[in-house]
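Let me begin by presenting the structure, written as structure tokens, before commenting on it.
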Amino acid sequence: MICAISGEVPDEPVVSKKSGLLFERRLIERYIEDHGKCPATKEDLTMDDIVPVKTNTIVKPRPLQAASIPGLLGIFQNEWDALMLSNFALEQQLHTARQELSHALYQHDAACRVIARLKKERDDARALLAQAERQIPASVAGAAPAAVVSNGKRVIEDEIGPDGKKIRPGINPVMIDELTECNAMLSAQRKKRQVPPTLAPIDALERYTQISSHPLHKTNKPGILSMDIHPSKDIVATGGIDTNAVIFDRSSGQILCTLAGHSKKITTLKFIPRDQLFVTGSADKTVRIWQENENGNYNCVHTLKDHTDEVEAVTVHVTQKYFVSASKDNSWCFYDISTGSCLTQVGDASGQEGYTSASFHPDGLILGTGTTDAVVKIWDVKAQSNVAKFEGHVGPVTAMSFSENGYFLATAAHDGVKLWDLRKLRNFRTFSPYDLDTPTNTVEFDFSGNYLAIGGSDIRVYQVANVKAEWNLIKTLPDLSGTGKVTSVKFGVDAKYIAIGSMDRNLRIFGLPGDDQMEESNTAAE
1 MICAISGEVP DEPVVSKKSG LLFERRLIER YIEDHGKCPA TKEDLTMDDI VPVKTNTIVK
61 PRPLQAASIP GLLGIFQNEW DALMLSNFAL EQQLHTARQE LSHALYQHDA ACRVIARLKK
121 ERDDARALLA QAERQIPASV AGAAPAAVVS NGKRVIEDEI GPDGKKIRPG INPVMIDELT
181 ECNAMLSAQR KKRQVPPTLA PIDALERYTQ ISSHPLHKTN KPGILSMDIH PSKDIVATGG
241 IDTNAVIFDR SSGQILCTLA GHSKKITTLK FIPRDQLFVT GSADKTVRIW QENENGNYNC
301 VHTLKDHTDE VEAVTVHVTQ KYFVSASKDN SWCFYDISTG SCLTQVGDAS GQEGYTSASF
361 HPDGLILGTG TTDAVVKIWD VKAQSNVAKF EGHVGPVTAM SFSENGYFLA TAAHDGVKLW
421 DLRKLRNFRT FSPYDLDTPT NTVEFDFSGN YLAIGGSDIR VYQVANVKAE WNLIKTLPDL
481 SGTGKVTSVK FGVDAKYIAI GSMDRNLRIF GLPGDDQMEE SNTAAE
């Protein structure tokens with residue numbers, strides 16, 4: 001019968017109803033008064049839970065050591081030694097705690113001093129910057145920034161306005177007149193436009209199959225994100241996750257050159273046949289303009305750093321003198337290709353969404369942009385104003401394509417493809433070829449405006465009809481990459497072949513079986 005607290009035989013034993021443990025009455029009363037819990041189990045305990053144990057009154061025998069004076073002195077000596085050792089240990093712990101506290105106080109004081117110094121340096125820098133901005137002469141505000149090209153880098157002496165934004169020269173009246181004249185000429189020609197006799201017929205597209213596959217990008221970073229085909233040469237360009245753009249000669253099956261310079265994935269690219277130029281946009285927030293040299297290679301002549309977030313799209317004006325870049329920073333920039341200068345940067349203050357796609361109308365006075373919040377915006381290029389909005393998509397608008405007839409716009413998003421009538425500004429048809437978990441990544445009209453291709457987990461080619469007639473599915477081409485994600489699709493000249501890029505490293509060409517051998521033999525004969 002041992003007390004659970006003192007470890008000795010109790011004089012007045014009591015038992016806990018909850019735990020069944022034995023205690024000395026005076027000890028458990030004191031503990032319950034101080035803590036209200038059982039000292040062993042830590043459960044709530046009151047004196048009502050304590051039951052006294054009846055015992056016979058007996059005389060407890062003395063310990064053997066307490067039977068003599070020397071024994072008692074030995075007991076007292078042991079207890080004194082234990083007390084001194086315990087006191088020494090407590091003093092050691094107190095000394096250690098004081099040292100740790102002193103060290104922590106010194107560290108806190110040093111941190112406060114560093115923070116105060118950094119705040120002072122920040123305030124001084126802000127004051128110097130504000131003073132420098134005030135001292136900028138107002139006379140240079142309207143001057144165009146001078147461009148200096150060195151080793152493929154563009155150095156722009158941009159002026160900063162009172163609001164902290166770069167001052168752009170703007171689209172001047174001469175340029176506006178040029179854009180207007182081009183629009184009038186193309187609109188007149190479009191009314192007389194006929195289907196070319198060399199266009200691939202529907203029965204030919206129905207027999208399209210893969211005729212070649214070309215590994216263009218790195219194995220460790222596969223994925224083709226963008227593609228373009230030269231309008232007058234049999235050359236295909238692809239941009240990949242591996243940060244490279246590859247120029248590929250389809251007729252010979254050879255890589256002409258690899259363009260390296262971006263630090264992140266290439267999200268968009270376009271050929272500019274005039275002056276043998278090439279434009280790429282990247283997730284590294286830059287746009288690069290490349291110039292073809294005598295050896296067939298491309299050198300970077302301008303690096304444009306006007307965006308503050310990923311560049312998602314570039315689109316070239318039909319005059320081939322200007323192009324637009326669209327970025328996730330919620331702005332699009334209008335560039336002069338010859339100088340590499342940004343003439344105007346248009347941001348939409350109505351929201352914080354970024355742009356994920358962009359395309360010029362074939363006539364050149366209208367610009368379409370797709371946003372991350374599923375809105376399609378139509379812009380007047382001359383006034384840089386938003387003139388229409390198309391809503392109804394789900395998810396970011398990943399791609400868009402204007403038909404060469406000038407009336408139709410196709411946009412792709414997570415929920416599929418929507419066709420818009422630009423004359424009445426309404427959606428007249430929706431394609432939802434895939435399930436809810438499979439997004440539609442790309443959409444493309446061919447140059448004749450007779451065929452429409454949609455890419456997602458496969459490639460589907462439709463025959464273009466009018467607003468009321470049905471758009472028939474001509475052919476479904478499988479995604480042979482095995483990734484289930486087609487990222488880009490382009491029609492070749494006269495739709496004689498279809499180039500497809502997916503999330504592997506291969507460019508795939510679909511066409512009529514035997515066409516590739518015929519082209520190779522013709523090339524060899526030449």
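Counting in UniProt numbering, the sequence shown runs from 1 upward without gaps.
Cβ atoms here follow ideal geometry from the backbone N, Cα and C, with glycine treated the same way.
Since we're looking at a predicted model, the values are computed, not measured.
Residue from the options whose Cα sits closest to the Cα of residue i
i	options	result
Lys424	Ser432, Leu409, Asp415 and Ile247	Leu409
Gly484	Asn450, Pro439 and Phe445	Pro439
Leu216	Arg250, Ile474 and Glu206	Arg250
Ser359	Gln345, Phe402 and Ala388	Phe402
Arg207	Asn450, Thr476, Arg505 and Val301	Thr476
Leu507	Ser341, Pro513, Ala89 and Gln254	Gln254
Phe271	Ser263, His262 and Asp234	Asp234
Ser488	Asp242, Glu133, Phe334 and Thr398	Thr398
Trp420	Cys3, Pro396 and Asn466	Asn466
Ala412	Ala204, Glu404 and Tyr434	Tyr434
Ile266	Pro273, Asn244, Arg274 and Gln276	Asn244
Pro362	Leu72, Ala188, Glu29 and Cys3	Ala188
Leu45	Val53, Asp34, Gln93 and Lys54	Asp34
Which of helix, strand or coil DSSP assigns to residue i
i	result
Cys182	helix
Leu436	coil
Gly514	coil
Glu91	helix
Lys270	strand
Asp336	strand
Val493	helix
Ser341	strand
Met84	helix
Glu312	strand
Val155	Because the pLDDT of Val155 is 39, which lies under 50, any placement of that residue in the model is unreliable, and the question is left without a value.
Pro137	With a pLDDT of 46 at Pro137, under the threshold of 50, the modelled position of this residue cannot be trusted, and the question is left open.
Through-space distance from residue j to residue i, alpha-carbon basis
i	j	result
Leu21	Val15	6 Å
Ala116	Ala110	10 Å
Ser327	Ser282	10 Å
Arg190	Trp379	21 Å
Leu129	Asp123	10 Å
Arg429	Trp471	9 Å
Val503	Val314	Looking at the sequence shown, residue 503 is not Val but Met. Going from the Cα of Met503 to the Cα of Val314 covers about 21 Å.
Thr308	Ala469	44 Å
Ala237	Leu269	8 Å
Cys257	Val246	6 Å
Asp373	Phe278	30 Å
Lys153	Lys305	Its pLDDT being 41, under 50, Lys153 is placed unreliably in this model, and the value from its coordinates should be taken loosely. Taking the straight line joining both Cα atoms gives about 10 Å.
Thr369	Asn293	33 Å
Val9	Phe76	20 Å
Trp290	His302	7 Å
Phe248	Gln131	53 Å
Gln320	Pro273	8 Å
Ser432	Ala495	24 Å
Val287	Gly354	17 Å
Tyr298	Val174	31 Å
Residues that DSSP places opposite residue i in a beta bridge
i	result
Phe76	Looking at the DSSP assignment, Phe76 forms no beta bridge with any residue, so it has no partner.
Trp290	Phe278 and Cys300
Gln42	Note that residue 42 is Lys in the sequence shown here, rather than Gln. According to DSSP, Lys42 bridges with nothing at all.
Thr219	DSSP lists no partner for Thr219.
His214	Leu507
Arg429	Leu419
Trp379	Leu367 and Asn386
Cutoff 7 Å: residue i Cβ touching any chain B Cβ
i	result
Ala413	The structure shown has no chain B; it contains just one protein chain.
Cβ separation of residue i and residue j, assumed to be a contact under 8 Å, to the nearest whole Å
i	j	result
Lys17	Cys38	No, Lys17 and Cys38 are not in contact; Cβ-Cβ is about 11 Å, not under 8 Å.
Leu365	Leu179	6 Å
Phe239	Thr280	In the sequence on display, residue 239 carries Gly and not Phe. That pair is a contact at about 6 Å.
Gly501	Ile224	3 Å
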